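Working notes, beginning with the structure itself.
Residue numbers (my numbering): 127 to 200.
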């Protein structure tokens with residue numbers, strides 16, 4: 127746990143709490159049947175994917191502009 131705490135810069139107490147919550151709630155995730163059997167994404171998922179695409183394009187534009195102006199970009 128100390129290694130994870132150092133690697134991800136999160137306190138050991140937080141990791142321990144997350145583990146406890148996961149162990150307590152994880153079985154419910156696998157017991158629930160999905161409400162959609164067709165596998166089609168929900169409206170929220172479609173909206174979020176569109177937003178990710180938009181933000182990716184904006185980021186790429188700004189990265190390209192920074193490189194053209196001589197700024198270093200990670």
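By construction, the Cβ of each residue, glycine as well, lies at the ideal position given by its N, Cα and C atoms.
Here the structure is a predicted model, which means the values were calculated and not measured.
>> Distance check for residue 153 and residue 127, CA to CA, integer angstroms please.
In response: Spanning the two alpha carbons is a distance of roughly 23 angstroms.
> Which runs of the alpha helix (DSSP H), 4 residues or longer, sit entirely within the region 128-190?
Replying inline: With a minimum length of 4 residues, the unbroken runs of alpha helix (DSSP H) contained wholly in the region 128-190 fall at 128-134, 138-157.
>> Rounded to the nearest angstrom, what separates residue 193 and residue 147 at their Cα positions?
In response: 44 angstroms
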